[in-house]
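Q:
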Amino acid sequence: MPVWICYEKDEQMIQQCQKLIQNRVLCLGPYDNLKNIEFLQGVDIYRLKLARCSNIIPKFKSDTLRELRIEDCNLKTIDDLPLAQLQVLELITNISGSTEEPKLNLQNITKCKLLKYLYLKNYRNIDLTPVENLTSLIKIKLESCSIKKLDVLAPLVNLEELILSNNYGINISALSTFQKLRTLIIYFCAIEDKQINIFDSINLNPIKTLKKLQFLSLVGNNIQYITTLQSMTQLKELILSYNPVIDISPLRHMVTLESLYLDNCNIKNLDVLYSGGPSKCFFELGRRMKFII
Numbered sequence: 000m001p002v003w004i005c006y007e008k009d010e011q012m013i014q015q016c017q018k019l020i021q022n023r024v025l026c027l028g029p030y031d032n033l034k035n036i037e038f039l040q041g042v043d044i045y046r047l048k049l050a051r052c053s054n055i056i057p058k059f060k061s062d063t064l065r066e067l068r069i070e071d072c073n074l075k076t077i078d079d080l081p082l083a084q085l086q087v088l089e090l091i092t093n094i095s096g097s098t099e100e101p102k103l104n105l106q107n108i109t110k111c112k113l114l115k116y117l118y119l120k121n122y123r124n125i126d127l128t129p130v131e132n133l134t135s136l137i138k139i140k141l142e143s144c145s146i147k148k149l150d151v152l153a154p155l156v157n158l159e160e161l162i163l164s165n166n167y168g169i170n171i172s173a174l175s176t177f178q179k180l181r182t183l184i185i186y187f188c189a190i191e192d193k194q195i196n197i198f199d200s201i202n203l204n205p206i207k208t209l210k211k212l213q214f215l216s217l218v219g220n221n222i223q224y225i226t227t228l229q230s231m232t233q234l235k236e237l238i239l240s241y242n243p244v245i246d247i248s249p250l251r252h253m254v255t256l257e258s259l260y261l262d263n264c265n266i267k268n269l270d271v272l273y274s275g276g277p278s279k280c281f282f283e284l285g286r287r288m289k290f291i292i
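Take the sequence shown: its letter number 198 is residue 197 in numbering that gives the first Met the number 0, and every next letter is one higher.
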C-alpha cells in the first residue's frame, strides 16, 4: 500500500488528495483543507490542537477508514471519530510538559465492532469498561495507563497478543482467561520505590496457565525466581532482561525454546544451557552480543 508522509513544516503544501484515495497518510500535519480525504483507509493525525483535529475528523467516511492513529492532539473524547469500520485504533498522548493529567472518554468505543488492535498510551487511570464489549479484539497494547487489574478485559477471550508497559503494580491474575494468547509482553510493571525500600515482582502463576503462549517478555519486573515458568515447555522465545534472576535451571525443561534474552540479570551459572537447555541463547552484556550454541 503506497504511503504519503505529510510533516507540519513541509514546504510543499498538498491541496489535492486525488492520489491518496484508498491509500494511507502518515503524520497529517496542518493540511485540514485537503480534498477527497474521505476515501482514505488509514490516517495518522499528529500534534494538532483539538479544534483543528475536530475539523478534520468528520471528513473521513466511517465506512471507509480502517486504521486511525491520533497522537498528541489533546483528544478528550472519541465521540466524533469514524468508528464503524475501524480495525486499528491508536490513541497516544504525550504527558511531558503538561500541567493536567490527560483524560479520555472511551464510552463510544463500543461502536468499533470490527476492531482488531487497540493501543492506548499515557491515559492514566482510564476507564476500560467499554472495551470489554470488543470481542473482535486480538491485540491490545496498554502503555503508562496506570492499569491495576485486567478483570475488565476478561470477556476478550479472542486476544492473541497482550502488551502491558509501565503499568506499575498491575494485578495479572485475570490472565488465565486469555487462553488464545500467543504473545505476552509485560515491561516494567513491578512496584519499585527505592526511597522506602519497596521492591515487589509480578506474580507469574497466572502466566503458566497460558498453554498456547509462544512469546513471553517480562523485562524489568524484579523477578528473581522463574520456577513457575518451567512447565511452559511450548515457549519459543523468552525475554527476562533487567530482572535479578539468579537461577535459570528451570529453563532446562523448555526444549522448544529457540531464543533466550538475559541481559542485565544476575546469572551465576550458565552450565544448564549446555545440557538439555534451549537450542539458541542470546546474551546481551552491555553493548556486546554473545551467541551461544
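A virtual CB, placed ideally from N, CA and C, is assigned to each residue, including glycine.
Is I69 close to the ligand HEM? I mean its beta-carbon at under 6 Å from any heavy atom of the ligand.
A: Annotation note on the ligand HEM: not contained in the displayed structure, which lists no ligands.
Q: Any idea what DSSP makes of V254, helix, strand or coil?
A: Looking at V254 - three-state DSSP - the assignment turns out to be coil, as it is neither helix nor strand.
Q: Using only alpha-carbon positions, find the residue among D126, V151, D62 and K120 that is nearest to C111.
A: D62
Q: Could you check if L64 is buried or exposed, using at least 16 other CB atoms within 10 Å of its CB as the buried criterion?
A: Its Cβ being crowded by 16 or more others within 10 Å, L64 is buried.
Q: Under DSSP, the beta strand (DSSP E) around K110 begins and ends at which residues?
A: That residue, K110, is in no beta strand (DSSP E); it is neither H nor E in DSSP.
Q: Are the Cβ atoms of L152 and L180 separated by less than 7 Å?
A: Not closer than 7 Å, so no.
Q: Could you name the residues that DSSP lists as bridge partners for K216?
A: According to the sequence displayed, residue 216 carries Ser and not Lys. BP columns for S216 point to I184 and I238.
Q: For K148, which residues from the same chain have a beta carbon less than 6 Å from its beta carbon, with the 5 sequence-adjacent residues on both sides left out?
A: N170
Q: Residues in its own chain within less than 7 Å of I195 by CB, not counting five upstream and five downstream?
A: Residue placement at I195 is flagged as unreliable, the pLDDT there being 38, under the threshold of 50; a coordinate-derived value is accordingly withheld.
Q: Counting C-beta neighbours from all protein chains within 10 Å, is the total for G41 16 or more, i.e. buried, or is it exposed?
A: buried
Q: Just the C-alpha distance for Q223 and V244, rounded to the nearest angstrom, thanks.
A: 4 Å
Q: Sort L117, L80, I225 and L174 by Cα distance to I150 and report the nearest one.
A: For clarity, residue 150 is Asp in the given sequence; the question names Ile instead. Nearest option by C-alpha distance: L174.
Q: For C264, which of E257, L250, S240 and L256 has the nearest alpha-carbon?
A: If we check each option's Cα against that of C264, S240 comes out closest.
Q: For D262, does the count of other Cβ atoms within 10 angstroms reach 16, so buried, or fall short, so exposed?
A: buried
Q: By how many angstroms is the C-alpha of N107 removed from the C-alpha of N132?
A: Spanning the two alpha carbons is a distance of roughly 11 Å.
Q: When you compare each of T255, N220 and R123 to Q229 by their alpha carbons, which one comes out closest?
A: T255
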